[in-house]
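Those letters in the sequence shown? Residues 1 to 378, per UniProt numbering, in order. Ideal placement from N, C-alpha and C gives every residue a C-beta, glycine not left out. Everything on this sheet refers to the single structure shown next.
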Amino acid sequence: MAELSPQYLQQLTENIKSWGKALGFQQVGVCDVDLSRHEQALQSWLDKGMHGEMQYMAEHGMKRARPAELQPGTVRIISVRMDYLPPDAGFARNLKDRQLGYISRYALGRDYHKLMRQRLKKLGQKIDQHVSDLAFRPFVDSAPVLEHPVAEKAGLGWTGKHSLTLNREAGSWFFLGELFINLPLPVDEPVEEGCGSCNACMTICPTQAIVEPYVVDARRCISYLTIELKGAIPESFRPLIGNRIYGCDDCQLVCPWNRYAHLTDEADFHPRAQLHGKELLDLFSWDEESFLRNTEGSAIRRIGFERWQRNIAVALGNAPCVPEIIHALEAAYDKSSELVREHIHWALEQQRKKQRAGNERQTQRLIRVVEKGLPRDA
1 MAELSPQYLQ
11 QLTENIKSWG
21 KALGFQQVGV
31 CDVDLSRHEQ
41 ALQSWLDKGM
51 HGEMQYMAEH
61 GMKRARPAEL
71 QPGTVRIISV
81 RMDYLPPDAG
91 FARNLKDRQL
101 GYISRYALGR
111 DYHKLMRQRL
121 KKLGQKIDQH
131 VSDLAFRPFV
141 DSAPVLEHPV
151 AEKAGLGWTG
161 KHSLTLNREA
171 GSWFFLGELF
181 INLPLPVDEP
191 VEEGCGSCNA
201 CMTICPTQAI
211 VEPYVVDARR
221 CISYLTIELK
231 GAIPESFRPL
241 IGNRIYGCDD
251 CQLVCPWNRY
261 AHLTDEADFH
271 PRAQLHGKEL
281 LDLFSWDEES
291 FLRNTEGSAI
301 RRIGFERWQR
311 NIAVALGNAP
321 CVPEIIHALE
331 AAYDKSSELV
341 REHIHWALEQ
351 QRKKQRAGNE
361 RQTQRLIRVV
371 EKGLPRDA
């Protein structure tokens, strides 16, 4: 690559940020590739097994903190964010009504991986028109990249105690993407941390997965349990999952900075009718063909039909006791896989406990009525 003047690189960087925003990214920043200060924390996290079954994290090891090993020749990373908070998110309604399935808001629309990767590729191609011998590679949560430390270093925000990136003007409802590049662009300055003494995300977490500030034990996280975990969900966590059938947003919902979050302009991120605010019984009634059809182009599809059923079975166990739920669970038992049957069995136990408790409450109410002499206690 021919040597480029600082003035040219500065102007090019400004152009890159403009091109990025024209492609739908709300913010574009640049950082160098030195992430060495994160290596010790990453290794400690891996050594403690907090990555759970996500073996790819251990296999890649320190490559996450060494971008030039992942993509040789990389000297800069262009970090971008894209807002995804949909209109009519219905957070409270979906969490309050335990007969509805709660799906993490990011997964209600089109799978963001492909959309953002295509946009990043277009950004790289645009830069390529102005620079000879350019090499670039886009990443969107699909390779060993420390996306949050990168975003922090590129000035997009700071890392919150829940380990997500926070922005003063946009909260945390956004996706991150990276463009590795062999161009020595001027870098942006990190922003000041803004969490202070706030621990709202840590205290609200249903499973207490944020074990200390900035450290999430994935093995306890509902997002991990409902998405990444392939086997049985530990029984101790099942009641805590509630009606969350794919992911969890609690640590973001409680964050004060999210009062500044913007609604997305991307139609592809708007909720799909077949997924948003649906009753658990409706979702549980899908066969595999229905699951594949209704999740086409969605991030949800990657967990597969078996885990989808597993998650809904747990949520049905946590739902209020109604005869229809017990009937649906019993009807599905024999035709389900061994993994799903284990969770259906647990769910039926929970439903029957509630049924017995409800009957007992009715009996006690009747006794109180009789004791008051209504009717006369002969």
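Consult DSSP for residue i and reduce its assignment to one of helix, strand or coil.
i: A378; result: A caution first: A378 carries a pLDDT of 49, below 50, which makes its placement in the model too unreliable to give a value.
i: W158; result: strand
i: D83; result: strand
i: L253; result: helix
i: G196; result: coil
i: V322; result: coil
i: I103; result: strand
i: T13; result: helix
i: N167; result: strand
i: I245; result: strand
i: residue 384; result: Outside the displayed range of the chain (1 to 378) lies residue 384, so it cannot be described from this structure.
i: D268; result: helix
i: V340; result: helix
i: R110; result: coil
i: S18; result: helix
i: E53; result: coil
i: Q355; result: helix
i: T207; result: coil
i: T295; result: coil
Taking only beta-carbon positions, decide if residue i is within less than 8 Å of chain C.
i: L316; result: Looking at the structure shown, chain C is missing, and only one protein chain is on hand.
Measuring CB to CB, does residue i end up less than 8 Å from residue j?
i: V314; j: A347; result: yes
i: K161; j: I204; result: no
i: H148; j: L164; result: yes
i: A299; j: D128; result: no
i: residue 381; j: L146; result: Outside the modelled stretch of the chain, which goes from 1 to 378, sits residue 381, for which no answer is possible.
i: L292; j: R301; result: yes
i: P87; j: L263; result: yes
i: I16; j: I78; result: yes
i: R93; j: F25; result: no
i: Q27; j: R81; result: yes
i: G52; j: K278; result: no
i: I325; j: A331; result: no
i: M116; j: F175; result: yes
i: D217; j: M50; result: yes
Compare the C-alpha of residue i against each of the options and name the closest.
i: D268; options: Y56, Q26, L108 and R301; result: L108
i: M62; options: G20, L46 and V215; result: L46
i: T207; options: M57, V131, V191 and C251; result: C251
i: N258; options: S172, Q27, H38 and P87; result: S172
i: E178; options: V191, P190, A143 and Q55; result: A143
i: F305; options: L283, T13, A319 and V191; result: L283
i: residue 398; options: L339, G52 and H345; result: In the structure as shown, the chain begins at 1 and stops at 378. Residue 398 is therefore absent and cannot be evaluated.
i: E152; options: P190, F174 and R368; result: P190
i: Y260; options: E228, P87, A170 and Q351; result: A170
i: Y84; options: G101, N318 and D265; result: D265
i: R37; options: A22, V150 and M57; result: V150
i: Q355; options: G317, S337 and V140; result: G317
i: Q11; options: Y224, A22, V131 and C255; result: V131
i: R307; options: E296, E342, E330 and I326; result: E342
i: Y333; options: S285, K372, T295 and R365; result: S285
Could you name the residues that DSSP lists as bridge partners for residue i?
i: F174; result: D83
i: P138; result: L179
i: V30; result: I78
i: V215; result: E212
i: E279; result: L100
Requested in this report: Specify whether the segment 192–205 and the segment 267–275 touch according to this definition: at least 3 beta carbon pairs, one from each stretch, less than 8 Å apart.
Outcome: no
Report task. Assess, as a yes-or-no matter, whether the segment 32–50 is touched by the segment 92–106 under the definition of 3 or more beta carbon pairs within less than 8 Å. Result -> no
Query raised in the report: Does the segment 239–254 touch the segment 141–156, meaning 3 or more C-beta pairs lie closer than 8 Å?
Result: no
Query raised in the report: Is there contact here, the segment 299–315 with the segment 232–244, by at least three beta-carbon pairs under 8 Å?
Result: yes
Query raised in the report: Below 8 Å, can you find three or more Cβ-Cβ pairs linking the segment 128–147 to the segment 62–79?
Result: yes
Query raised in the report: Is the number of C-beta pairs between the segment 177–192 and the segment 3–12 that are closer than 8 Å three or more?
Result: yes
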